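K.L.:
One structure follows; several queries about it will come next.
Residue numbers (the numbering used here), protein chains in the order written: chain A, 1 to 343; chain B, 1001 to 1448.
Structure, rendered in structure tokens:
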């Protein structure tokens, strides 16, 4: 039982990342009708926002320590971060320690801007072009973005650890009546899940309970009619593109402490996220979230020793297997709407 | 009297056959004037450096390239000479190779076998490379080694750790200076026994490809010989990015040691995940839980950050060694590039000098003469102490390092500390050892 609970937690955690990326993809597809293959790159850029903040906070001045030697036998260069010099060693160290949560504040405007520039500068020219053209141009853009990141940050993964207070693991088993050490789970993974639920809730609330959201939903249902009412729906959709980019970016910022960011991480998630969108139903926001968590949990269970010994290789194909079954039985996906991508 | 009319179809057929014959790539058949593939005729000779310049191992490839460029400088008599001053063979004179100035071309393996073969082929066919050196993957090494065998040039492998490179996939034209998975097991086992005891239960997570399998096999064999029990061996897809669903079952598996047969991004992520799940804080079977990473590299250790503290592993070489060869190389590399070299850089540097030295001693660039000079060559002064290039399988034998993630690093480069220098004799094995069986070295191919 404890093993099952652990895998459910793992699945919810994996599903959080899938759901957040798929949510952004669906927002863009539902509003602008664009199949955005650069969405994984936006997730990666979000993670590198956290890397950038960490590097900025660690900007240091160098002093020579004559008592210690470097690898060439020269006096050791000791680096002291400016923030420790300005705010004192303890406060400075605390600020650096909390660099990932602080990066959220940095990432929101950056990602909104990246999304805005991407949409206005490139993607708007492909609205009336076939989906194949959109896929090609956004995939090309993704490659350009990851190569730019690699140029500045290198190909190696870069650690962005969580704050000390939120690192390590917690014994969840004791809280629900299991033995000690039965269900130990990393704190930051719980934080990530809670964060994902919060972001998903915020996006849905924004669309459901604000006038802006109401207009966007109306535009998603019937863009032309909303335009005839004198509403500048294009402008709102551009803002939605920025919001979708911000959602992907925030997912990336918070993902860094789980697995160290590298320039390729967006591509690792891209294909899976598209499968999530298709399984959930093209254009369906609740479908994307539901499919994200569902496939995350299935993937976790497929990776257990029992599953891999029963059906070798099941861990590598489970998501695609489920996608095939869902599409055969429900061609529009779990919560897909009639008419979307069917014309 | 015969009537042989010339038809349009006949002319086209004959032309096509003749054209195809003339257009056949010449790399696999040295020209009739040359005695072997890419025989140098001018005042220079071209070496081909095939390293990952893009893709996940680009940092490692870049380090290899820096070392190879340094080796070329030293061969041409530039710079401080590096290990040419400490190398036990004094055949190299700093005037190139056999008096010819050394030039080089580079290729990008992308850590993909097909791309690596294509770049090696291009360097041999178009640039006239006389040898190929470098790489950061066993899959790539085996693929390029096969190509070099067919093409008739020498392949001096870079970072390749799978037993198969000098085991079932060994080739007469291929040579490996780097250590292998068997040696990792042989070096690690006594240290593991000393530090963790002989009654341990190990759980293996293994990258699901050739290198991972051979490493798992080697480590399982060496630890079971100690008395350890292997609880489980789980294969993880190479494309995995999150290992939480593989780590979680370890918690309640009854294991008290986790062995991560992962490299590169896999290693960084699986180790990070294992630390997140608190494995190193756990007590299992009355013992402190331990993690072992059998193959370490400095660049991956940097990627893993603080997570590697206290974690044991093995390496081919480390810049902190104190032999004269190492000191000369580290000084030369450090002064030029401002950082200490990685062990993949060191193996590529050593391989370049070893190739050049073998040419000088053989008095020819003919691959078969070079191979003969390298076979059973005993040398010192390139790092790791006295070294033997065994003729039977073209595997180098030298001391192997057992290292541990440094608990208190003083700078960005001393993330690993040397725990033990395992003597060469302890990691030697018979060429017919079952883990290396199944292949034939074959005959040297000069392309003639």
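Beta carbons: idealized from backbone N, C-alpha and C, even for Gly. From a predicted model like this one, the values you see are computed outputs, not experimental measurements.
According to DSSP, residue 1229 of chain B sits in a beta bridge with which residue or residues?
P.N.:
Residue numbering aside, residue 1229 of chain B sits at position 229 when the second chain is read from its first letter. According to DSSP, residue pairing for residue 1229 of chain B in a beta bridge involves B/1201.
K.L.:
Less than 6 Å between C-beta atoms, sequence neighbours within five positions excluded: which residues of the same chain meet that for residue 1086 of chain B?
P.N.:
Your numbering for residue 1086 of chain B matches position 86 in the second chain. Once the five neighbours on either side are set aside, the close Cβ partners of residue 1086 of chain B are 1324, 1325, 1328 and 1381.
K.L.:
Tell me the start and end of each unbroken beta strand (DSSP E) in the stretch 1055-1138 of chain B that is at least 3 residues and wholly inside, in chain order.
P.N.:
Correct list: 1101-1108 and 1131-1134.
K.L.:
Which residues of the stretch 1295-1320 of chain B have a Cβ closer than 9 Å to any Cβ of chain A? Give them in chain order.
P.N.:
1299, 1300, 1302, 1303, 1304, 1305, 1306, 1307, 1319 and 1320
K.L.:
In the stretch 1271-1337 of chain B, which residue ranges form an unbroken alpha helix (DSSP H) of at least 4 residues, counting only runs that do not cross its ends?
P.N.:
1298-1304 and 1324-1337
K.L.:
Got a sec? Which residues, its chain only, sit under 8 Å from residue 1058 of chain B by beta carbon, not counting five neighbours each side?
P.N.:
As a position in the second chain, residue 1058 of chain B is number 58, starting the count at 1. The answer, listed in chain order, is 1052.
K.L.:
What would DSSP say about residue 34 of chain A, mapped onto helix, strand or coil?
P.N.:
If you number the first chain from 1, residue 34 of chain A lands on position 34. Reduced to three states, the DSSP call for residue 34 of chain A is coil.
K.L.:
Look up residue 10 of chain A in the DSSP assignment and say whether it is helix, strand or coil.
P.N.:
Mapped onto the first chain, residue 10 of chain A falls at position 10. Three-state DSSP puts residue 10 of chain A in a helix.
K.L.:
Counting only beta-carbon atoms, is residue 157 of chain A nearer than 7 Å to chain B?
P.N.:
Here residue 157 of chain A refers to the residue found at position 157 of the first chain. At least one chain B Cβ lies under 7 Å of residue 157 of chain A.
K.L.:
Quick one, which residues of the stretch 204-231 of chain A are near chain B if we go by CB-CB under 8 Å, in chain order?
P.N.:
none
K.L.:
Any beta carbon from chain A within less than 7 Å of residue 1246 of chain B's own beta carbon?
P.N.:
Counting from 1 along the second chain, the entry for residue 1246 of chain B is found at position 246. Yes, contact with chain A.
K.L.:
With DSSP as the reference, please indicate the residues paired to residue 1395 of chain B in a beta bridge.
P.N.:
Numbered from its first residue, the second chain carries residue 1395 of chain B at position 395. The partner list for residue 1395 of chain B (beta bridge, DSSP) reads B/1176.
K.L.:
Taking any Cβ of chain B, which residues in the stretch 11-27 of chain A have a Cβ under 9 Å from it, in chain order?
P.N.:
Under the 9 Å Cβ criterion, the stretch 11-27 of chain A contributes 11, 13, 14 and 17.
K.L.:
Tell whether a beta-carbon distance below 7 Å holds between residue 1224 of chain B and residue 1201 of chain B.
P.N.:
Against the second chain, residue 1224 of chain B aligns to sequence position 224. Against the second chain, residue 1201 of chain B aligns to sequence position 201. For residue 1224 of chain B and residue 1201 of chain B, no; Cβs fall outside 7 Å.
K.L.:
Cβ atoms of residue 1416 of chain B and residue 1403 of chain B: under 7 Å apart, would you say?
P.N.:
Start at 1 with the first residue of the second chain, and residue 1403 of chain B comes out as number 403. Start at 1 with the first residue of the second chain, and residue 1416 of chain B comes out as number 416. In this structure, residue 1416 of chain B lies closer than 7 Å to residue 1403 of chain B by Cβ.
K.L.:
Take residue 1206 of chain B as the anchor and find which of B/1349, B/1172, B/1226 and B/1243 has the nearest alpha-carbon.
P.N.:
The residue you call residue 1206 of chain B lines up with position 206 of the second chain. If we check each option's Cα against that of residue 1206 of chain B, B/1243 comes out closest.
K.L.:
So, is residue 131 of chain A buried or exposed, given that buried needs 16 or more other C-beta atoms within 10 angstroms?
P.N.:
Here the question's residue 131 of chain A lines up with position 131 in the first chain. So residue 131 of chain A ends up on the exposed side.
K.L.:
Is it buried or exposed for residue 1285 of chain B, if we count other Cβ within 10 angstroms and need 16 for buried?
P.N.:
Within the second chain, numbered from 1, the residue matching residue 1285 of chain B stands at position 285. Its Cβ having fewer than 16 others within 10 Å, residue 1285 of chain B is exposed.
K.L.:
Between A/167, A/188, A/4 and A/89, which lies nearest to residue 58 of chain A when the distance is taken from Cα to Cα?
P.N.:
As a working mapping, residue 58 of chain A is identified with position 58 in the first chain. Ranking the options by Cα distance to residue 58 of chain A, first place goes to A/89.
K.L.:
Any contact between the stretch 58-71 of chain A and the stretch 120-140 of chain A? By contact I mean 3 or more CB pairs, one from each, below 8 Å.
P.N.:
no
K.L.:
In terms of residue numbering, what span does the beta strand (DSSP E) encompassing residue 1258 of chain B cover?
P.N.:
As a position in the second chain, residue 1258 of chain B is number 258, starting the count at 1. Unbroken beta strand (DSSP E) run through residue 1258 of chain B: 1257-1261.
K.L.:
Give the DSSP bridge partners of residue 1404 of chain B, in chain order.
P.N.:
Along the second chain, read from residue 1 onward, the residue named residue 1404 of chain B stands at position 404. B/1312 and B/1417, per the DSSP bridge assignment.
K.L.:
Taking 7 Å as the CB-CB cut-off, is residue 1269 of chain B touching chain A?
P.N.:
For the purposes of this step, residue 1269 of chain B is taken as residue 269 along the second chain, with counting starting at 1. Answer yes: the Cβ-Cβ gap between residue 1269 of chain B and chain A drops below 7 Å somewhere.
K.L.:
Can you tell me whether DSSP reads residue 68 of chain A as helix, strand or coil?
P.N.:
Taking the first residue of the first chain as position 1, residue 68 of chain A is located at position 68. If DSSP states are grouped into helix, strand and coil, residue 68 of chain A belongs with the strands.
K.L.:
Hey, could you find the ends of the beta strand (DSSP E) residue 77 of chain A is sitting in?
P.N.:
The sequence position of residue 77 of chain A within the first chain is 77, counting from 1. It spans 75-81 - the beta strand (DSSP E) in which residue 77 of chain A sits, taken as one unbroken run.
K.L.:
Quick check on DSSP: helix, strand or coil for residue 1378 of chain B?
P.N.:
Taking the first residue of the second chain as 1, we reach residue 1378 of chain B at position 378. Strand, per DSSP.
K.L.:
Quick check on residue 1029 of chain B: does DSSP put it in helix, strand or coil?
P.N.:
Residue numbering aside, residue 1029 of chain B sits at position 29 when the second chain is read from its first letter. At residue 1029 of chain B the pLDDT is 46, less than 50, meaning the model places this residue with poor confidence; the figure from the coordinates comes in the next sentence. In this structure, residue 1029 of chain B counts as coil in the three-state DSSP scheme.
K.L.:
Go ahead and label residue 74 of chain A buried or exposed: buried means 16 or more other beta carbons lie within 10 angstroms of its beta carbon, across all protein chains shown.
P.N.:
Indexing the first chain from 1 puts residue 74 of chain A at position 74. Per the 10 Å Cβ criterion, exposed.
K.L.:
Using a Cβ-Cβ cutoff of 8 Å, what residues of the stretch 1214-1232 of chain B are near chain A? List them in chain order.
P.N.:
Listed in sequence order: 1232.
K.L.:
Going along chain B, which residues have a C-beta under 9 Å from residue 154 of chain A?
P.N.:
Locating residue 154 of chain A in the first chain gives position 154, where the first residue counts as 1. Neighbours of residue 154 of chain A on chain B, chain order: 1058, 1059 and 1062.
K.L.:
For residue 171 of chain A, report the span of its beta strand (DSSP E) as first-last.
P.N.:
Position 171 of the first chain, counted from the start, is the residue given in the question as residue 171 of chain A. Looking at the DSSP string, the run of the beta strand (DSSP E) that includes residue 171 of chain A is 169-171.
K.L.:
At the level of alpha carbons, what is the spacing between residue 178 of chain A and residue 184 of chain A?
P.N.:
Taking the first residue of the first chain as position 1, residue 178 of chain A is located at position 178. Taking the first residue of the first chain as position 1, residue 184 of chain A is located at position 184. For residue 178 of chain A and residue 184 of chain A, the distance between alpha carbons rounds to 11 Å.
K.L.:
Based on Cα-Cα distance, which residue from B/1050, B/1092 and B/1355 lies nearest to residue 1062 of chain B?
P.N.:
As a working note, residue 1062 of chain B is residue 62 in the second chain. Residue B/1050 is the option with its Cα nearest to residue 1062 of chain B.
K.L.:
Pick out the complete alpha helix (DSSP H) segments inside the stretch 271-311 of chain A, 4 residues or longer, and give them in chain order.
P.N.:
285-302 and 305-310
K.L.:
For residue 1154 of chain B versus residue 1318 of chain B, is the C-beta spacing smaller than 7 Å?
P.N.:
Within the second chain, residue 1154 of chain B is the residue found at index 154, counting from 1. Within the second chain, residue 1318 of chain B is the residue found at index 318, counting from 1. Against a cut-off of 7 Å, the Cβ pair of residue 1318 of chain B and residue 1154 of chain B comes out as no contact.
K.L.:
Report the rounded CA-to-CA distance for residue 281 of chain A versus residue 298 of chain A, giving the unit in angstroms.
P.N.:
Translated into positions along the first chain, residue 281 of chain A becomes position 281. Translated into positions along the first chain, residue 298 of chain A becomes position 298. Spanning the two alpha carbons is a distance of roughly 18 Å.
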